[in-house]
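Position one of the sequence shown corresponds to residue 574 (our numbering), numbered consecutively onward. Even glycine gets a Cβ: it sits at the ideal position worked out from N, Cα and C. For clarity, every value in this text was computed on a predicted model and none was experimentally measured. Comments concern the structure below.
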Amino acid sequence: MYKSKLPKLNNCTIGIIGLGYVGLPLAIKIANQKSCLLSKKRNNRKVIGYDIDKDRVNELNKGIDKKNIFSKKTISIPKNISFTSHKKLLLNIEVFIITVPTPINTENQPDLSYLKRASKIVAECIKEKDYKCINPIIIYESTVYPGVTEEICIPLIEKISGKKHNCKNYNDSFYSGYSPERINPGDSNNTLDSITKVTSGCNKKVASWVDKFYGSFISAGTYKASNIKVAEAAKIIENTQRDINIALVNELAILFKKLNINTKDVLDAANTKWNFQKYSPGLVGGHCIGVDPYYLTFKAKEIGFNTKLISAGRNINDYMHKYLFHQILSQLEKTKKVMKLVDVLLLGISYKSNCGDIRNSQLISLVENLKKENMKITIVDPLVNKDEVFNKIGLISVDTIPSNKQYSIIIFALNHKEFKKITKKEIANISNENTLIFDLTNNLSGEKVFNL
Ligand SMILES: NC(=O)c1ccc[n+]([C@@H]2O[C@H](COP(=O)([O-])OP(=O)(O)OC[C@H]3O[C@@H](n4cnc5c(N)ncnc54)[C@H](O)[C@@H]3O)[C@@H](O)[C@H]2O)c1
574 MYKSKLPKLN NCTIGIIGLG YVGLPLAIKI ANQKSCLLSK KRNNRKVIGY
624 DIDKDRVNEL NKGIDKKNIF SKKTISIPKN ISFTSHKKLL LNIEVFIITV
674 PTPINTENQP DLSYLKRASK IVAECIKEKD YKCINPIIIY ESTVYPGVTE
724 EICIPLIEKI SGKKHNCKNY NDSFYSGYSP ERINPGDSNN TLDSITKVTS
774 GCNKKVASWV DKFYGSFISA GTYKASNIKV AEAAKIIENT QRDINIALVN
824 ELAILFKKLN INTKDVLDAA NTKWNFQKYS PGLVGGHCIG VDPYYLTFKA
874 KEIGFNTKLI SAGRNINDYM HKYLFHQILS QLEKTKKVMK LVDVLLLGIS
924 YKSNCGDIRN SQLISLVENL KKENMKITIV DPLVNKDEVF NKIGLISVDT
974 IPSNKQYSII IFALNHKEFK KITKKEIANI SNENTLIFDL TNNLSGEKVF
1024 NL
């Protein structure tokens, strides 16, 4: 009879599967941590960052990160890390951490294809290797609805690898854990290192291993959830709660506009009460807040439960870019402008401030609608990948405001740090008394400024 043996905390080989916003900082953090924060023991860890995107791997090997995750042109790569898209290099991995995308499809349903593909890759690797001495641990970090790890990913790995999950006295068993990532791109205060890491494992011993592992390099410490489903659900409700809070102020903003009441003034007044939670109306995009609630509603539906509030929040927030578009059209109607003569300046195209990610950006949807009206649109966003923007909407984005023209509409869409340098004089030079100003950043006020 064999006794299971977990990898050595300080001396193990770690494979990060998926080198995006979550995987890359994690890989670099683990590799850079020279001693354990808990035991102070020296670490002798090797990290292999694996991604199916060969271009991404080639760029990372040159120190280039086109996602600008660290807001630096080049990143320094620790010696004990290597980036690859060759599966073979994963054969000696003892701890797999899966950080691949979990988007939604066109029907707003979970698209688990990336997760399944990553699980398949891991399964093929553990199948190849005879883990006589050490049983590998597979930790998922991708955001999922409760049950995905244990009911979908693990059975898939068991089937492909032929190995048994969580089987104490079995030579070739493997173990699993779940630790959601909670980073907030574009936010330099709340980072991987400063956010408590929720951890979990498939049994007590593994949960404790996973917790100690993250505790060994996350300064903010860890929180050991009672099981994997709890950890999965905790992550998903964090973003669901935020989605609903924003949906409420968005609905109020639409109502107050109809009542001719200034929403910001109302929120400022209400905020003087000790237990009022202040949120601002806005466009919810990206791959977390605008996506995660759909994972939860999907799971609820699967068991026959109708989530009324969560779904209502999603509907409201998904509608906001159309609401903004209609606001723009209705203001233009008053000026009786011919649409093809309308020049729009859009300051920001990514899904949120100080972040270059354009996935699920509602500003992209807004531009698509403005384009259908034949308006000419100038997009300024120094943070985004220009090729990505062009491939998505067929328009070239620029880093700075072209100063040779006057615009009919200026939309202050995002609060990128770079936009703080824009002066009033600069705006005065590119606008006139008929220019319509739309401000989604809550920085501008005045009779001529339209807010959400
Ligand atoms: N970005 C965030 O702010 C954030 C925050 C918290 C949680 N999350 C969650 O983390 C997960 C990853 O998000 P992200 O933003 O890092 O995604 P991302 O798109 O930035 O990166 C994912 C990477 O995985 C790679 N990939 C896809 N399939 C693969 C496979 N089978 N094998 C290896 N690599 C593969 C892609 O090429 C890409 O480089 C998602 O579930 C997301 O919801 C993201």
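Might you give, ordered along the chain, the residues of its own chain that have their beta carbon closer than 6 angstroms to the beta carbon of P709, omitting 5 neighbours on each side?
For this step, residue 709 is matched to residue 136 along the sequence shown. Excluding sequence neighbours, P709 sits near E667, I699, F747.
Since S608 sits in a beta bridge, which residues does DSSP pair it with?
Along the sequence shown, read from residue 1 onward, the residue named residue 608 stands at position 35. Partner(s): R615.
Given that a residue counts as buried once 16 or more other Cβ atoms are within 10 Å of its Cβ, and exposed if not, what is S970?
Start at 1 with the first residue of the sequence shown, and residue 970 comes out as number 397. Buried.
If we call anything under 7 angstroms between Cβ atoms a contact, is L597 one with I642?
The sequence position of residue 597 within the sequence shown is 24, counting from 1. The sequence position of residue 642 within the sequence shown is 69, counting from 1. Yes, the pair counts as a contact, with Cβ atoms nearer than the cut-off.
Check whether the Cβ of I648 lies closer than 6 angstroms to any heavy atom of ligand 1, and answer yes or no.
The count along the sequence shown starts at 1 and reaches residue 648 at position 75. The answer is no for I648.
Between the Cα of I982 and those of R932, T908, I730, H738, spot the shortest distance and give me the residue it belongs to.
Here residue 982 is taken as the residue at index 409 of the sequence shown, counted from 1. Looking at the Cα atoms, T908 is the closest of the given residues.
Nearest to K578 by CA position, among V779, G863, K732, is which residue?
Position 5 of the sequence shown, counted from the first residue, corresponds to residue 578. That would be V779, whose Cα lies nearest to the Cα of K578.
Check whether the Cβ atoms of E714 and S761 sit closer than 7 angstroms, and answer yes or no.
Here the question's residue 714 lines up with position 141 in the sequence shown. Here the question's residue 761 lines up with position 188 in the sequence shown. Their beta carbons are not under 7 angstroms apart, which means E714 does not touch S761 by this criterion.
Return the residue from the list D784, N617, Y623 that minimises the CA-CA distance to K652.
Position 79 of the sequence shown holds residue 652. Nearest C-alpha to K652: N617.
Once the 5 residues before and after A568 are set aside, which same chain residues still bring their CB inside 6 angstroms of it?
Residue 568 falls outside the range modelled here, since the chain spans only 574 to 1025, and no answer is possible.
Given that a residue counts as buried once 16 or more other Cβ atoms are within 10 Å of its Cβ, and exposed if not, what is G1019?
The residue labelled residue 1019 in the question sits at position 446 within the sequence shown. G1019 is exposed by the Cβ-count criterion.
Is it a yes or a no for the segment 919-929 touching the segment 946-953, going by three-plus beta-carbon pairs under 8 angstroms?
Yes, the segment 919-929 is in contact with the segment 946-953.
Let's see if you can read the secondary structure: which residues bound the beta strand (DSSP E) around I952?
Taking the sequence shown and counting its residues from 1, one reaches residue 952 at position 379. Note, I952: beta strand (DSSP E), 949-953.
With a threshold of 6 angstroms, establish whether the CB of I756 neighbours any heavy atom of ligand 1.
By 1-based counting over the sequence shown, the position of residue 756 is 183. Within the cutoff, so yes.
Below 8 angstroms on the Cβ atoms is my guess for Y980 versus I966; work out the distance and round it to an integer in Å.
Position 407 of the sequence shown, counted from the start, is the residue given in the question as residue 980. Position 393 of the sequence shown, counted from the start, is the residue given in the question as residue 966. Rounded, the Cβ-Cβ distance is 18 angstroms, inconsistent with contact.
Quick one: using the 10 Å Cβ neighbour count with 16 as the cut-off for buried, is D626 buried or exposed?
By one-based count along the sequence shown, residue 626 stands at place 53. Exposed: under 16 other Cβ atoms inside 10 Å.
In whole angstroms, what separates the C-alpha of I707 from that of T769?
Translated into the one-based positions of the sequence shown, residue 707 becomes position 134. Translated into the one-based positions of the sequence shown, residue 769 becomes position 196. If you take the alpha carbons of I707 and T769, they lie about 28 angstroms apart.
Which word fits I544, buried or exposed, when buried means at least 16 other C-beta atoms lie within 10 angstroms of its C-beta?
Within the shown structure, residues of the chain are numbered from 574 to 1025, placing residue 544 beyond reach of any answer.
Label S926 either buried or exposed according to how many other C-beta atoms from any shown protein chain fall within 10 Å of its C-beta, with 16 as the threshold for buried.
To locate residue 926, count along the sequence shown from 1; it is residue 353. S926 comes out buried.
What number of angstroms, rounded off, separates the C-alpha of K689 from the C-alpha of I733?
Working through the sequence shown from its first residue, we reach residue 689 at position 116. Working through the sequence shown from its first residue, we reach residue 733 at position 160. Roughly 11 angstroms between the two C-alpha positions.
Are the CB atoms of Q935 and H894 nearer to each other than 7 angstroms?
Locating residue 935 in the sequence shown gives position 362, where the first residue counts as 1. Locating residue 894 in the sequence shown gives position 321, where the first residue counts as 1. In this structure, H894 lies closer than 7 angstroms to Q935 by Cβ.
Ligand 1 and G720: does the residue's C-beta get closer than 6 angstroms to at least one heavy atom of that ligand?
The residue labelled residue 720 in the question sits at position 147 within the sequence shown. No - ligand 1 has no heavy atom lying nearer than 6 angstroms to the Cβ of G720.
Do L663 and G588 count as a contact pair if the criterion is CB distance below 7 angstroms?
Within the sequence shown, residue 588 is the residue found at index 15, counting from 1. Within the sequence shown, residue 663 is the residue found at index 90, counting from 1. Taking 7 angstroms as the Cβ cut-off, G588 and L663 qualify as a contacting pair.
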